[in-house]
Amino acid sequence: MSEASGEVAGGATARPEAGGVAEVRPPGGAFVAETTPDAASGVERTALLFERQALGCEELGSPFYAGLLRRAAEDVRAGGPCADAVAGYEQAPGPDAIALRLLGGVHALVLTGRAPRLAPYYPSAGGTADASRSDACWREFRQVVADELPWIRDWMTRPPQTNEVGRANLLIAALLRASVDHPLPIRLFELGSSAGLNLRPELFRYSAPGYTWGSPDSPVHLDDAWQGGVPTWLAEAAESHPTLDVVERHGCDLTPIDPLTESGALALRAYVWADQPARSARLRGALELAARHPAQVQRLGAAEFLKGVHVQDGTLTVVWHSIMKQYVPAQEWAEVSAELARLAGESSAEAPFAYVSFEPERVGNSFPFRASVRIGTRDRILLAEAYPHGLPAWAM
């Protein structure tokens, strides 16, 4: 399994309540109950996973994908082409995101021109996601799955890797917070980097009412970055640190993607939801920056990668990850935690260390996505909550 920034079904979590009900907290404090497929088996379990992902897509502003997934769930139950596409994945764990793999495979066909009859319904290909044409869209979608089954089956073997650029919104906030105490050049190390696009956060532009940071000429604009007001500490840190100097960019992933290759760029584009043009635009900009500003992503697990990381005098060493912990076996994560503790212990005023994470956390019966920073051996600081795509965030 890739230690990549994979998708999560809306506010849904890979670790639902043992009783079969997880609760999701979107901004505003509402709670949405969601049944899980743990008690089901076989085809029905797969169909329920599709329906759970449909709910997540709907909550995260993709009614187009939500509609397709609900129809695909029924096609799985009926033994149609979608059932053939996902055969053999009946016991796949939720974080494997089988439904998103199917959508990604079809989206790749649309983006490469191999599904011309479906393209008019896909906004990412210049089409229109019109609810009044949903029946026609579904017929074409189902036919593409049937006609391109070998392609789809091959695509199903690929872990979803969106490398969601919006999550840099939380990283830049943490970097600014850490730089208040340690205004030094930054060495950035990311766990589960996928294509490493979020290793260039200081090159993006961030904005919200009363808050802007980064060059206005950046090809990546993260607009409406904060909801309910920008926290005072961030506004002050942004004003006192109008730029950050990132001098090293390193990442690791079990299945890294090279964003500078045609196949790598296609994989990233295909996993962005087809009716979310702002995300597609951010990805295009991030790919442009990747071509101009190199970053190294090693094919390594997180624990092995961290063994080679040490603090360095005159720099702020930062390790960060976003929505990847769920993919790491418990034993390896124990090793990761030990390495992070080592780095914190090595930290000093001359060679400081900061640990940044953006992950779902259990809070009662809910799993909000929270960003935090721990500087050296100090207590962890909770910075913000956000949707899993990173935008918008809201202060805690």
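Its first residue numbered 32, the sequence shown is counted upward by one per residue in this note's numbering. Every residue gets a Cβ at the ideal spot worked out from N, C-alpha and C, and that includes glycine. Fair warning: this is a prediction, and the values are worked out from it, not measured in the lab.
Nearest-angstrom Cα distance between G332 and C283?
Counting from one through the sequence shown, the residue named residue 332 turns up at place 301. Counting from one through the sequence shown, the residue named residue 283 turns up at place 252. Rounded to whole angstroms, G332 to C283 spans 7 angstroms at the Cα level.
Looking at the unbroken beta strand (DSSP E) that takes in L133, where does it start and where does it end?
Start at 1 with the first residue of the sequence shown, and residue 133 comes out as number 102. Run containing L133: none in the beta strand (DSSP E); it sits in the alpha helix (DSSP H), I129 to L142.
Quick one: what does DSSP say T159 is sitting in, helix, strand or coil?
As a working mapping, residue 159 is identified with position 128 in the sequence shown. In this structure, T159 counts as coil in the three-state DSSP scheme.
Neighbourhood of L374 by C-beta distance below 8 angstroms, restricted to the same chain and skipping five residues each side
Residue 374 sits at position 343 when you count from the first residue of the sequence shown. So the list reads L337, V340, H341, V342, T348, V350, F384 and Y386, once near-sequence residues are dropped.
Enumerate, from N- to C-terminal direction, the unbroken beta strand (DSSP E) stretches of 3 or more residues contained entirely within the segment 146-190.
none
Applying the 10 Å Cβ sphere with the 16-neighbour rule, what's the burial state of H430?
Examination of residue 430 is not possible in this model, given that the chain is present from 32 through 427 alone.
For the segment 245-255 and the segment 218-235, state whether three or more C-beta atom pairs, one from each stretch, are separated by less than 8 angstroms.
yes
Among the candidates R208, T408, R164 and R218, whose CA atom is the shortest distance from the CA of A326?
Along the sequence shown, one-based indexing puts residue 326 at 295. Checked all of R208, T408, R164 and R218; the closest Cα to A326 is R218.
Which residues does DSSP pair with P94 in a beta bridge?
In the sequence shown, the residue the question calls residue 94 occupies position 63. Answer is none; P94 lacks a bridge partner.
Backbone secondary structure at W264 - three-state DSSP
Start at 1 with the first residue of the sequence shown, and residue 264 comes out as number 233. W264 falls in the helix class under three-state DSSP.
Can you list, in chain order, the residues of its chain with a C-beta nearer than 7 angstroms to that of W257? Leave out the 5 residues immediately preceding and following it.
Taking the sequence shown and counting its residues from 1, the one referred to as residue 257 is at position 226. Excluding positions up to five away in sequence, the list reads A239, Y242, P423, A424 and W425.
For the structure I just gave you, are there three or more beta carbon pairs, one from the segment 71-80 and one from the segment 103-122, closer than 8 angstroms?
yes
For E267, which option in A205, S225, L253 and L297 has the closest C-alpha, if you only look at C-alpha atoms?
Sequence index remark: in the sequence shown, residue 267 carries index 236 (1-based). Among A205, S225, L253 and L297, the Cα nearest to that of E267 belongs to A205.
Roughly how many angstroms lie between the CA atoms of P419 and I354, to the nearest whole one?
Locating residue 419 in the sequence shown gives position 388, where the first residue counts as 1. Locating residue 354 in the sequence shown gives position 323, where the first residue counts as 1. If you take the alpha carbons of P419 and I354, they lie about 8 angstroms apart.
Alpha carbon to alpha carbon, how far is Q174 from A415? Give it in angstroms, no decimals.
Translated into the one-based positions of the sequence shown, residue 415 becomes position 384. Translated into the one-based positions of the sequence shown, residue 174 becomes position 143. About 43 angstroms.
Please report how far the alpha carbon of G73 lies from the alpha carbon of A177, in whole angstroms.
Position 42 of the sequence shown, counted from the first residue, corresponds to residue 73. Position 146 of the sequence shown, counted from the first residue, corresponds to residue 177. Cα to Cα, the separation comes out at about 21 angstroms.
Contained beta strand (DSSP E) runs [length at least 3] in the segment 280-355, N- to C-terminal order:
327-330 and 347-353
Enumerate in chain order the residues of its own chain whose CB-to-CB distance from G259 is below 6 angstroms, with the five nearest sequence positions on each side excluded.
Counted from its first residue, the sequence shown places residue 259 at position 228. Cβ within range, chain order: W425.
Roughly how many angstroms separate the alpha carbons of A209 and I406, rounded to a whole number?
As a first step, residue 209 must be located in the sequence shown, where it is residue number 178. As a first step, residue 406 must be located in the sequence shown, where it is residue number 375. Spanning the two alpha carbons is a distance of roughly 7 angstroms.
Could you tell me the alpha carbon to alpha carbon distance between T193 and D410, rounded to whole angstroms?
The sequence position of residue 193 within the sequence shown is 162, counting from 1. The sequence position of residue 410 within the sequence shown is 379, counting from 1. Roughly 31 angstroms separates the two Cα atoms.
Measuring alpha carbon to alpha carbon, tell me which of Q362, L285 and E392 ends up nearest R330.
Position 299 of the sequence shown, counted from the first residue, corresponds to residue 330. When only C-alpha atoms are compared, the closest one is L285.
Would you grab the beta carbon distance between P191 and L131 for me? Rounded to a whole angstrom, and I think it's under 8 angstroms.
The residue given as residue 191 occupies position 160 in the sequence shown. The residue given as residue 131 occupies position 100 in the sequence shown. That belief holds up - the Cβ atoms of P191 and L131 are roughly 5 angstroms apart, short of 8 angstroms.
Which of the three DSSP states is assigned to V251 in this structure?
Stepping through the sequence shown from its first residue, residue 251 is reached at position 220. DSSP places V251 in coil when its eight states are reduced to three.
Assign T67 to one of two classes, buried (16 or more other C-beta atoms within 10 Å of its C-beta) or exposed (fewer than that).
In the sequence shown, residue 67 corresponds to position 36, counting from 1. In this prediction, T67 scores a pLDDT of 49, lower than 50, which makes its location untrustworthy; the coordinate-derived value is nonetheless stated afterwards. T67 should be labelled buried.
Please name the residue in L228, T159, M187 and H272 whose C-alpha comes closest to that of D212.
On the sequence shown, residue 212 is found 181 positions in, with the first residue counted as 1. Looking at the Cα atoms, H272 is the closest of the given residues.
Secondary structure at F389, three-state DSSP: helix, strand or coil?
As a working note, residue 389 is residue 358 in the sequence shown. F389: strand per DSSP, three-state reduction.
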